[in-house]
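Below: one structure, written as structure tokens.
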Amino acid sequence: MYFLKRLAFLPPLLLVIAFLAFVLVRVAPGGPFDKERKPASPEIERALLARYHLDEPILKQFGRFLGGLAQGDFGASLKYRNHTVSDIIAQALPVSMELGALAFLFALGFGLPAGVIAAMGRGRWSDYSLSFLALLAVCVPGFVAGPLLVLLFAIHWQVFPVALWGGAMNAVLPTVSLGLYFAGKVARLTREGMLEVLQMDFITAARAKGLSETQILLRHALRLAILPVVSYSGPMLADLLTGSFVVENLFQIPGIGVFMVNSALSRDYTMVVGLVLLYAILLLLLNLIVDAAYTVLDPRVRHE
Amino acid sequence: MPPIPYWIRVCAMSEPPHSPQRLASPDEPVAQSRRLQPLAGPNWQAWERFKGNHGALFGGCFLILFLLVIALWPFLSPYQANAISDLQFGAPSWHHWFGTDVHGRDLFTRVAYGARISLLVGATGAAVSLAIGVLWGAVAGYAGGRWDSALMRTVDILYALPTIVFVIVVLTALNGLLENWETHGLPGWAIQPLRMLGLFGGLGAVSWLTMARIVRGQVLSLRSRPFVEASIALGATHTRVLLRSILPNLSGIIIVYLALSVPGIVLYESFLSYLGMGIQPPQASLGSLLAEGAEQINSVQVYWWVILFPAATLALTLLALNFVGDGLRDALDPRVRRQ
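See the structure below:
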């Protein structure tokens with residue numbers, strides 16, 4: 003019931019978000035026809051604005067946008083001629099989602115074990131070295147880690163291709179450079195969660211029962227310890243699935259992350275609103291799923 | 364007799380609290396032993412915990428040393444941060460400790476200069492996020508009801524906007540405003556600092572959301588506590604209750620979150636500089652130096668120093684900030700249970 007209610011809240015929330023993005027991007031100085039598509043004369047500019055209905059009052063424009071949205075149409079891109087926003091999303095999003103999902107798996111696959119092992123060996127060298135590595139992963143920006151990985155693995159040792167998207171080998175370096183930060187974050191969250199849970203009474207009870215350390219860790223502690231990671235996965239997945247400008251730019255991957263930045267920079271109004279809506283839908287749905295997962299993992303959490 | 368001030372009790376403390384002597388002699392009247400027992404205040408206990416955390420102590424010392432170096436270097440350095448020379452891509456040497464960059468500028472001087480800007484960005488961004496976030500969250504949590512839901516729904520909505528789009532829009536709006544002022548006779552020397560202020564403000568404007576949520580949660584639980592109700596019953600105004608009863612109890616969690624958010628803001632500025640939206644050349648931040656260095660990565664000739672030194676400086680600074688932040692959280696956050 004609680005989740006149905008929240009699901010019902012989504013459309014109005016999305017409507018407000020769309021309106022906000024719609025207005026914000028139009029209020030910002032500069033317009034879509036400032037740079038490459040700079041019109042030669044005022045007449046042409048007026049004609050262009052009229053063609054995209056940008057000369058109408060903003061509320062009327064928004065109404066028109068909603069009308070299109072009802073038919074699943076985000077409108078035409080103002081920068082890429084003869085492309086609709088839906089076109090571009092349909093082309094670029096699957097690539098970004100694939101890469102994002104891989105990076106998500108990478109982050110969990112390395113972050114969770116690292117966090118658990120660090121927590122198990124608290125205060126020992128395994129803890130210090132893993133915690134340090136995790137912190138390092140969080141502290142080195144992606145646009146440094148990426149080129150360095152390329153330099154080492156693609157150019158120096160020639161293990162993986164330098165760029166492009168396609169085969170399994172192509173996916174390795176982008177996945178690592180995208181997932182590194184998140185792996186570090188997940189490892190830190192897991193370690194903290196684990197340390198907190200290991201102090202709780204029910205763990206002492208489990209020990210008193212004579213369970214083995216591994217059983218205590220994996221069957222009893224982990225379930226609660228990953229709660230911070232679970233709640234972080236919502237925003238993390240939304241970020242990863244909608245692409246990364248840095249990684250897509252570096253490896254020449256035809257994903258949506260590049261569009262996200264470029265459309266905002268070049269005031270491609272329709273594109274920005276479409277992408278903002280896409281991100282918002284993903285984030286809100288994922289957060290809903292995260293909250294549902296919470297009730298499954300932690301029996302103490304009850305949503306009225 | 365007036366009560367002994369807290370600081371005197373702390374200074375006079377000769378033995379740790381809860382020492383075994385407290386239980387030693389059963390003949391002694393209980394009341395008297397209680398009264399003689401020195402008390403460690405919560406701040407003192409927090410400091411003790413912080414001191415026990417080697418990583419945090421180390422990080423703090425590193426940060427202080429680092430601040431000294433980057434603050435004093437302009438007076439010691441034989442080089443100007445923007446002085447161009449003929450020595451392009453000079454390798455690290457006795458004259459140029461970190462080598463020189465594409466324009467022959469001394470990299471050590473530029474890193475010291477960039478680190479100042481980066482830390483300034485982090486500190487100001489965090490301060491802006493503190494001001495907005497605490498006010499927003501405290502009002503929402505304290506007022507409750509419709510105010511609460513209106514304010515927090517706004518936070519939810521802003522959360523669902525992709526940060527990068529929001530940042531670009533906010534920064535271009537600010538820059539547009541500046542250009543407008545410039546045409547209306549704003550002197551040229553004021554543009555650069557104002558632009559930088561705009562960047563600081565813009566970064567702060569996108570990072571206050573989590574702060575607002577945390578503060579609201581704390582205020583909600585504080586509001587129903589007896590001492591707050593007592594203060595209201597005694598006729599204190601809302602402002603007074605907020606400032607005198609609630610805010611002091613938030614300070615721990617605010618400091619912790621602030622310390623933890625500085626590295627994030629520094630990192631985000633470096634990303635913006637990489638996009639060309641952050642610090643504008645010839646000014647430098649660690650992020651823009653890194654972005655310049657990353658441009659020079661190629662397979663023909665590796666100028667490792669232009670990337671290694673800024674990256675190492677940024678990583679070390681962020682590591683130290685994170686260590687201090689973690690230490691502060693362990694010391695101050697009431698939610699972290701001690702063993």
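Quick note, the sequences are listed as chains A and B, same order. The opening position of the first sequence corresponds to residue 3 in the numbering used here, with each subsequent residue numbered one higher. The opening position of the second sequence corresponds to residue 364 in the numbering used here, with each subsequent residue numbered one higher. Ideal Cβ placement from N, Cα and C applies to all residues, glycine included. Quantities reported herein were computed from a predicted structural model and do not represent experimental measurements.
For this session: Look at the Cβ atom of V188/A, then the Cβ atom of A109/A, and state whether they are nearer than 7 Å.
Result: Within the first sequence, the letter at position 186 stands for residue 188/A. Within the first sequence, the letter at position 107 stands for residue 109/A. Cβ atoms of V188/A and A109/A: closer than 7 Å.
Exercise. Alpha carbon to alpha carbon, what distance is there between T517/B and E100/A?
Worked result: As a position in the first sequence, residue 100/A is number 98, starting the count at 1. As a position in the second sequence, residue 517/B is number 154, starting the count at 1. Their backbone Cα atoms lie some 32 Å apart in a straight line.
Exercise. Helix or strand or just coil, what does DSSP make of T676/B?
Worked result: Residue numbering aside, residue 676/B sits at position 313 when the second sequence is read from its first letter. Three-state result, T676/B: helix.
For this session: For A694/B, name the three-state secondary structure that DSSP assigns.
Result: As a position in the second sequence, residue 694/B is number 331, starting the count at 1. Residue state, collapsed to three classes: helix.
For this session: Starting from the C-beta of L336/B, find all residues in its chain whose C-beta is less than 8 Å away, skip the five residues before and the five after it, and write them out in chain order.
Result: Summary: the structure shown does not reach residue 336/B, with chain B confined to residues 364 through 702, and so no result is reported for it.
Exercise. Looking at the unbroken alpha helix (DSSP H) that takes in W499/B, where does it start and where does it end?
Worked result: Along the second sequence, one-based indexing puts residue 499/B at 136. Looking at the DSSP string, the run of the alpha helix (DSSP H) that includes W499/B is 470-506.
Problem set entry | Residues bridged to A20/A (per DSSP) | Here residue 20/A corresponds to residue number 18 of the first sequence, with the count starting at 1. Its beta-bridge partners do not exist; DSSP assigns none.
Problem set entry | Given L290/A as reference, the closest of D519/B, M574/B, F634/B, M640/B once Cα atoms are compared | Locating residue 290/A in the first sequence gives position 288, where the first residue counts as 1. Of the listed residues, the one whose Cα sits closest to L290/A is D519/B.
Problem set entry | Any C-beta of chain A under 7 Å from that of L541/B | As a first step, residue 541/B must be located in the second sequence, where it is residue number 178. No, its Cβ sits nowhere closer than 7 Å to a Cβ of chain A.
Problem set entry | Alpha-carbon to alpha-carbon, A657/B and A136/A | As a position in the first sequence, residue 136/A is number 134, starting the count at 1. As a position in the second sequence, residue 657/B is number 294, starting the count at 1. Rounded to the nearest angstrom, the two C-alpha atoms are 22 Å apart.
Exercise. For chain B, is any of its Cβ atoms less than 7 Å away from the one on Y4/A?
Worked result: Against the first sequence, residue 4/A aligns to sequence position 2. No, its Cβ sits nowhere closer than 7 Å to a Cβ of chain B.
For this session: Pull up the DSSP beta-bridge partners for A78/A, would you.
Result: Here residue 78/A refers to the residue found at position 76 when the first sequence is read from its first residue. Beta-bridge analysis with DSSP links A78/A to T86/A.
Exercise. Cβ of L153/A less than 7 Å from any chain B Cβ?
Worked result: In the first sequence, the residue the question calls residue 153/A occupies position 151. Judged by the 7 Å Cβ criterion, L153/A is in contact with chain B.
For this session: On the DSSP bridge assignment, give the partners of T463/B in chain order.
Result: Here residue 463/B corresponds to residue number 100 of the second sequence, with the count starting at 1. According to the DSSP secondary-structure assignment, T463/B is paired through a beta bridge with D469/B.
Problem set entry | Residue span of the alpha helix (DSSP H) that contains I618/B, given as start and end | Numbered from 1 along the second sequence, position 255 holds the residue referred to as residue 618/B. Here the alpha helix (DSSP H) through I618/B covers 610-638.
For this session: May I ask you to list, following chain order, the residues of the segment 608-630 of chain B that have a beta carbon less than 8 Å from some beta carbon of chain A?
Result: P626, L630
For this session: Residues of the segment 247-263 of chain A with a CB closer than 8 Å to any CB of chain B: list them in chain order, please.
Result: F247, V248, M262, V263
For this session: Please decide whether F21/A counts as near chain B, where near means a Cβ-Cβ distance under 7 Å.
Result: Sequence index remark: in the first sequence, residue 21/A carries index 19 (1-based). Judged by the 7 Å Cβ criterion, F21/A is not in contact with chain B.
Exercise. What does V231/A touch in chain B if you count any residue whose Cβ is under 8 Å from its own?
Worked result: Sequence index remark: in the first sequence, residue 231/A carries index 229 (1-based). What V231/A touches in chain B: nothing, since even the nearest Cβ is about 17 Å away.
Exercise. In angstroms, rounded to a whole number, what distance separates the CA positions of W499/B and E45/A?
Worked result: By 1-based counting over the second sequence, the position of residue 499/B is 136. By 1-based counting over the first sequence, the position of residue 45/A is 43. Going from the Cα of W499/B to the Cα of E45/A covers about 47 Å.
Problem set entry | Whole runs of the alpha helix (DSSP H) within the segment 525-591 of chain B, excluding any shorter than 4 residues | 526-546, 554-569, 572-586
Exercise. If you pair each beta-carbon of the segment 17-31 of chain A with each one of the segment 521-531 of chain B, do three or more pairs fall below 8 Å?
Worked result: yes
For this session: Kindly indicate the opening and closing residues of the alpha helix (DSSP H) around G259/A.
Result: By 1-based counting over the first sequence, the position of residue 259/A is 257. Unbroken alpha helix (DSSP H) run through G259/A: 259-267.
For this session: Indicate whether E632/B and G641/B have their beta-carbon atoms separated by less than 7 Å.
Result: On the second sequence, residue 632/B is found 269 positions in, with the first residue counted as 1. On the second sequence, residue 641/B is found 278 positions in, with the first residue counted as 1. When the beta-carbon positions are compared, E632/B and G641/B come within less than 7 Å of each other.
Exercise. Quick one: what does DSSP say W167/A is sitting in, helix, strand or coil?
Worked result: Numbered from 1 along the first sequence, position 165 holds the residue referred to as residue 167/A. The answer is coil: DSSP assigns W167/A none of H, G, I, E or B.
Exercise. So, does the CB of S633/B fall closer than 7 Å to a CB anywhere in chain A?
Worked result: Taking the first residue of the second sequence as 1, we reach residue 633/B at position 270. So yes, S633/B belongs to the interface.
Exercise. For L681/B and chain D, any beta-carbon pair shorter than 7 Å?
Worked result: The structure shown contains no chain D; its protein chains are A and B.
For this session: Report buried or exposed for Q581/B, applying the criterion of at least 16 other Cβ atoms within 10 angstroms of its Cβ.
Result: On the second sequence, residue 581/B is found 218 positions in, with the first residue counted as 1. With at least 16 other beta carbons inside 10 angstroms of its own, Q581/B counts as buried.
For this session: Measure the beta-carbon distance from L368/A to L151/A and round it to whole angstroms, keeping in mind my assumption that it falls under 8 Å.
Result: Not covered by the structure: residue 368/A. The range shown for chain A is 3 to 306.
Problem set entry | Residues near R190/A by beta carbon distance below 6 Å, same chain, minus five either side | The sequence position of residue 190/A within the first sequence is 188, counting from 1. Taken in chain order, the residues that qualify are A136.
Exercise. I447/B and A478/B: beta carbons closer than 7 Å?
Worked result: Residue numbering aside, residue 447/B sits at position 84 when the second sequence is read from its first letter. Residue numbering aside, residue 478/B sits at position 115 when the second sequence is read from its first letter. It is not a contact, given that the beta carbons lie outside the stated cut-off.
For this session: Would you give the residue range spanned by the alpha helix (DSSP H) that A295/A belongs to?
Result: Translated into positions along the first sequence, residue 295/A becomes position 293. Its alpha helix (DSSP H) spans residues 271-299.
Problem set entry | Cross-chain neighbours of A654/B in chain A, by beta carbon under 7 Å | Mapped onto the second sequence, residue 654/B falls at position 291. Per Cβ cutoff of 7 Å: F145.
Exercise. In angstroms, rounded to a whole number, what distance separates the CA positions of L242/A and G453/B?
Worked result: In the first sequence, residue 242/A corresponds to position 240, counting from 1. In the second sequence, residue 453/B corresponds to position 90, counting from 1. Using only the alpha carbons, I get a separation of about 39 Å.
Exercise. Any idea what DSSP makes of D129/A, helix, strand or coil?
Worked result: Counting from one through the first sequence, the residue named residue 129/A turns up at place 127. D129/A: helix per DSSP, three-state reduction.
For this session: Give the single residue among A23/A, A10/A, E194/A, F162/A whose Cα lies nearest to the Cα of A523/B.
Result: Residue mapping note: residue 523/B aligns to position 160 of the second sequence, counting from 1. Ranking the options by Cα distance to A523/B, first place goes to A23/A.
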